Amino acid sequence: MMNAYILISMQPGNSDKAIAEMRKIEHVEKISVVAGEFDIVIRVKVETLEELLEATNKIQMIQGVQKTTTQVIEKEIAL
Amino acid sequence: MKIKIRKRYLFFILAFSSAIFNAIGSAFDAISQIYIPDPWALGIACFVFGVIVSGLFSIIFSIPYKKKSLGAHTIDPTFKRVRLLKKQEVKYHLIAGFGNAVLTIGYFFLLSLMSGDVSIVLPFTQVVILYLVIIESFSEKDTPSLVEIQSSVIVTFGAILGSLTLSGSINVTALAIVFLVINPGWVLLSVYQRKLKMLKIDESPNDAINIRVWNVIFACMFTIIIVSIFDGIMGTSHVIAGIQAITDQYFWVFLLAITTFFAFVFYIRALGIGKASVTQAVKASLILFSLPVSLILGYYGIIPSFTTDPVMLVIKLMGIVLMLLGILSFALTLTKAYIFIRMKPGYEIQQTMKQLWNIKGVSRVTAVAGPYDFIIKIHTRTLVKGYERIIRKVESIQGIDDYSWQSVLKEWEDI
Numbered sequence: 010m011m012n013a014y015i016l017i018s019m020q021p022g023n024s025d026k027a028i029a030e031m032r033k034i035e036h037v038e039k040i041s042v043v044a045g046e047f048d049i050v051i052r053v054k055v056e057t058l059e060e061l062l063e064a065t066n067k068i069q070m071i072q073g074v075q076k077t078t079t080q081v082i083e084k085e086i087a088l
Numbered sequence: 080m081k082i083k084i085r086k087r088y089l090f091f092i093l094a095f096s097s098a099i100f101n102a103i104g105s106a107f108d109a110i111s112q113i114y115i116p117d118p119w120a121l122g123i124a125c126f127v128f129g130v131i132v133s134g135l136f137s138i139i140f141s142i143p144y145k146k147k148s149l150g151a152h153t154i155d156p157t158f159k160r161v162r163l164l165k166k167q168e169v170k171y172h173l174i175a176g177f178g179n180a181v182l183t184i185g186y187f188f189l190l191s192l193m194s195g196d197v198s199i200v201l202p203f204t205q206v207v208i209l210y211l212v213i214i215e216s217f218s219e220k221d222t223p224s225l226v227e228i229q230s231s232v233i234v235t236f237g238a239i240l241g242s243l244t245l246s247g248s249i250n251v252t253a254l255a256i257v258f259l260v261i262n263p264g265w266v267l268l269s270v271y272q273r274k275l276k277m278l279k280i281d282e283s284p285n286d287a288i289n290i291r292v293w294n295v296i297f298a299c300m301f302t303i304i305i306v307s308i309f310d311g312i313m314g315t316s317h318v319i320a321g322i323q324a325i326t327d328q329y330f331w332v333f334l335l336a337i338t339t340f341f342a343f344v345f346y347i348r349a350l351g352i353g354k355a356s357v358t359q360a361v362k363a364s365l366i367l368f369s370l371p372v373s374l375i376l377g378y379y380g381i382i383p384s385f386t387t388d389p390v391m392l393v394i395k396l397m398g399i400v401l402m403l404l405g406i407l408s409f410a411l412t413l414t415k416a417y418i419f420i421r422m423k424p425g426y427e428i429q430q431t432m433k434q435l436w437n438i439k440g441v442s443r444v445t446a447v448a449g450p451y452d453f454i455i456k457i458h459t460r461t462l463v464k465g466y467e468r469i470i471r472k473v474e475s476i477q478g479i480d481d482y483s484w485q486s487v488l489k490e491w492e493d494i
């Protein structure tokens, strides 16, 4: 099992609709709308790299998504 | 497809559900008291039934259905089946169980001391929120902010006013029991239940149902031991009376045990999300939910009927408004952020991770592969603190090349 962050830059426009689409995607654990360099940060939980590709692919297919950057988590400390 | 909702809502749903079950439970509590007037016996009966009911429900919830247990479908998604304790849990369970026993015995002692009418001192058990705020300023990674202290004080005072009834008399012994026995017991119970909920068992989060089952078992054990010692010294026979009460008056105690079970399972789940003080504050809404319950009980003459004294009503109303405001400000003031960090080459990753983790307010540190080297998650009540306590510390870590702060505006999460 592995986790990854997908950082998303959006085109200005209908982000509500894009987020609604993202909420339906499998393996997506958390969606955060952020203010800063990026617009949306998604956390995914997948079994294989194949599934990660599947998830990023689906995200990129959503209208309004301009660019995605995937950050695979290697190690984690959390509360 | 699983539903994603906002985690904040989930927390409030859980804490409110716990409060509602508790409010209903308080009705059965009042009725049981009539049938089992000996408070010590009632305490033992409650715990023995608690063990039976919790055991029964946990077995029902362990039944598999569509690959998952019934419990995972309904109550707690992390629940697999009822299981034996792991070594790392035992210590925490001993303390939480002891806390529960102390608080219950303290409560029943209070009942017998005040010959049944504890209404005037009981509101002061809400001060436990302030105890938790103080404890957490030492134990949690995040020291309480001004907003948290303010809201806790508002909720506490609101809860005291909202639950005030002036039928009994007040005395120093009774207050001492509340402040020195009941509240510390409750602190032990909630702090250690939170620790248990945060533990990882076989790589997955601990579940609320197992925590509750084992807590009742330990609490029951400690209660019987303490009451037996008391019996031995004073020459009374409360343990036997307790066992008799179980066989005579099982119906109401049984209902009481069921509501208590659910109240605690939801409470423990909420504890897994929010700090003990905040969870406790939201749970103080119990006072609001218990209004209809006391109206009904008063109508049937089980408890003295609801006050119609306008002064008391105004005080109660003020208390409830204060409490709601306090809870609301807890809900609206939490801000979250991500910080994306790039490192210079030539610095130890593990060591930097530890340094980042030691910063207060950091709830998650991840080392990642990609354009950035670390992504950390921040929880804070004020953005001012974000700069003072977090950015400065991040900047002071050697080896950090660049960072970017991303405030979270809205968040959805799998539950």
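Listed in order, the protein sequences are those of chains U and W. For what it's worth, my numbering labels the leading residue of the first sequence as 10, then goes sequentially. For what it's worth, my numbering labels the leading residue of the second sequence as 80, then goes sequentially. Glycine included, C-beta positions come from ideal geometry on N, C-alpha and C. Bear in mind that the values here come from a model prediction, so they are computed numbers and not experimental data.
Euclidean distance between Cα positions of residue i and residue j
i: Phe203 (chain W); j: His152 (chain W); result: 37 Å
i: Gly465 (chain W); j: Glu46 (chain U); result: 18 Å
i: Leu334 (chain W); j: Gly104 (chain W); result: 8 Å
i: Lys174 (chain W); j: Arg273 (chain W); result: It should be pointed out that residue 174 (chain W) corresponds to Ile in this sequence rather than to Lys. Distance between the alpha carbons of Ile174 (chain W) and Arg273 (chain W): 12 Å.
i: Ala102 (chain W); j: Leu225 (chain W); result: 30 Å
i: Leu407 (chain W); j: Ala360 (chain W); result: 10 Å
i: Val42 (chain U); j: Gly22 (chain U); result: 14 Å
i: Ser364 (chain W); j: Val55 (chain U); result: 39 Å
i: Asn179 (chain W); j: Leu58 (chain U); result: 47 Å
i: Ile454 (chain W); j: Ile15 (chain U); result: 11 Å
i: Lys84 (chain U); j: Ala446 (chain W); result: 5 Å
i: Met80 (chain W); j: Ile347 (chain W); result: Below a pLDDT of 50, predicted positions are generally treated as unreliable, and Met80 (chain W), at 42, falls in that range; the measurement from the model is reported next regardless. If I take the Cα positions, the gap works out to 26 Å.
i: Asp480 (chain W); j: Arg421 (chain W); result: 5 Å
i: His172 (chain W); j: Val292 (chain W); result: 10 Å
i: Thr183 (chain W); j: Val270 (chain W); result: 16 Å
i: Gly440 (chain W); j: Thr414 (chain W); result: 11 Å
i: Arg40 (chain U); j: Lys86 (chain W); result: With the sequence shown as reference, residue 40 (chain U) is identified as Ile, and Arg is not the correct amino acid for it. Their backbone Cα atoms lie some 11 Å apart in a straight line.
i: Ile139 (chain W); j: Lys26 (chain U); result: 41 Å
i: Leu411 (chain W); j: Ile82 (chain U); result: 30 Å
i: Val233 (chain W); j: Phe217 (chain W); result: Checking the displayed sequence, the identity of residue 233 (chain W) turns out to be Ile instead of Val. The straight-line gap from Cα to Cα measures roughly 22 Å.
i: Leu93 (chain W); j: Ala253 (chain W); result: 32 Å
i: Val390 (chain W); j: Ala109 (chain W); result: 26 Å
Residue range of the beta strand (DSSP E) that includes residue i
i: Leu16 (chain U); result: 11 to 19
i: Ile82 (chain U); result: 74 to 87
i: Thr57 (chain U); result: Neither: Thr57 (chain U) is in no beta strand (DSSP E) and is coded neither H nor E.
i: Glu38 (chain U); result: 37 to 44
i: Phe419 (chain W); result: 414 to 422
Continuous alpha helix (DSSP H) stretch holding residue i: start and end
i: Phe309 (chain W); result: 287 to 313
i: Ser340 (chain W); result: Reading off the sequence, residue 340 (chain W) comes out as Phe, not Ser. Looking at the DSSP string, the run of the alpha helix (DSSP H) that includes Phe340 (chain W) is 329 to 350.
i: Ile381 (chain W); result: Careful: Ile381 (chain W) lies outside any alpha helix (DSSP H) and carries neither H nor E.
i: Pro118 (chain W); result: 118 to 141
i: Leu87 (chain W); result: Sequence inspection shows Arg at residue 87 (chain W); the Leu mentioned does not correspond to that position. Where Arg87 (chain W) is concerned, the enclosing alpha helix (DSSP H) stretches over 86 to 114.
i: Ala29 (chain U); result: 24 to 31
i: Ala355 (chain W); result: 355 to 362
CA nearest to the CA of residue i, picked from the options
i: Ala320 (chain W); options: W:Asp108, W:Ile92, W:Leu192, W:Ala120; result: W:Ala120
i: Ile51 (chain U); options: W:Tyr417, W:Ser316, W:Thr339; result: W:Tyr417
i: Asp155 (chain W); options: W:Phe128, W:Leu435, W:Phe90; result: W:Phe90
i: Leu164 (chain W); options: W:Thr235, W:Pro284, W:Ala253, W:Ile290; result: W:Ile290
i: Val444 (chain W); options: W:Gly178, W:Phe419, W:Ser231; result: W:Phe419
i: Gln69 (chain U); options: U:Met11, U:Ile34, U:Ala87, U:Val81; result: U:Ile34
i: Phe126 (chain W); options: W:Ile139, W:Asn437, W:Phe340; result: W:Phe340
i: Glu30 (chain U); options: U:Val81, U:Ala13, U:Thr65; result: U:Thr65
i: Ala355 (chain W); options: W:His317, W:Lys423, W:Gly311, W:Phe409; result: W:Phe409
i: Glu492 (chain W); options: U:Ile15, U:Arg32, U:Leu16; result: U:Arg32
i: Trp265 (chain W); options: W:Ser230, W:Tyr186, W:Ala349, W:Ser133; result: W:Tyr186
i: Ser96 (chain W); options: W:Thr338, W:Val207, W:Pro118; result: W:Thr338
i: Val130 (chain W); options: W:Ile366, W:Thr302, W:Asp327, W:Gly398; result: W:Thr302
i: Asp327 (chain W); options: W:Cys299, W:Leu192, W:Ile115; result: W:Ile115
i: Ile49 (chain U); options: U:Glu38, U:Ile28, U:Ile86; result: U:Ile28
i: Glu38 (chain U); options: U:Leu61, U:Ile71, U:Lys76; result: U:Leu61
i: Phe177 (chain W); options: W:Ile92, W:Val251, W:Phe297, W:Lys166; result: W:Phe297
i: Leu350 (chain W); options: W:Pro263, W:Glu474, W:Lys147, W:Leu268; result: W:Leu268
Can you list, in chain order, the stretches of the alpha helix (DSSP H) that have 4 or more residues and sit fully within the segment 148 to 206 of chain W? Counting only runs of 4 or more, we get 149 to 153, 166 to 192.
Short of 7 Å Cβ to Cβ, which residues in the segment 410 to 438 of chain W face chain U? Of all residues in the segment 410 to 438 of chain W, Tyr417, Met432, Trp436 have a Cβ within less than 7 Å of some Cβ in chain U.
With 8 Å as the C-beta to C-beta threshold (strictly closer), list the residues of the segment 49 to 60 of chain U near chain W in chain order. Val50
Taking Cβ-Cβ distances below 7 Å as the criterion, which residues of the segment 445 to 474 of chain W are in contact with chain U? Flagged, chain order: Thr445, Ala446, Val447, Ala448, Gly449, Pro450, Tyr451, Ile454.
Uninterrupted alpha helix (DSSP H) stretches inside the segment 241 to 282 of chain W (no shorter than 4 residues): For the alpha helix (DSSP H) assignment, the uninterrupted runs of no fewer than 4 residues enclosed by the segment 241 to 282 of chain W are, from N- to C-terminal side, 251 to 256, 262 to 277.
3-residue-minimum beta strand (DSSP E) runs that sit fully inside the segment 386 to 471 of chain W, ordered along the chain: 414 to 422, 441 to 448, 453 to 459
Can you pull out the residues from the segment 62 to 77 of chain U whose beta carbon lies closer than 7 Å to at least one beta carbon of chain W? none
Residues in the segment 18 to 45 of chain U with C-beta within 9 Å of chain W's C-beta atoms, listed in sequence order? Of all residues in the segment 18 to 45 of chain U, only Ile28, Met31, Arg32, Lys33, Glu35, Val37, Glu38, Lys39, Ile40, Ser41, Val42, Val43, Ala44, Gly45 place a beta-carbon less than 9 Å from a beta-carbon of chain W.
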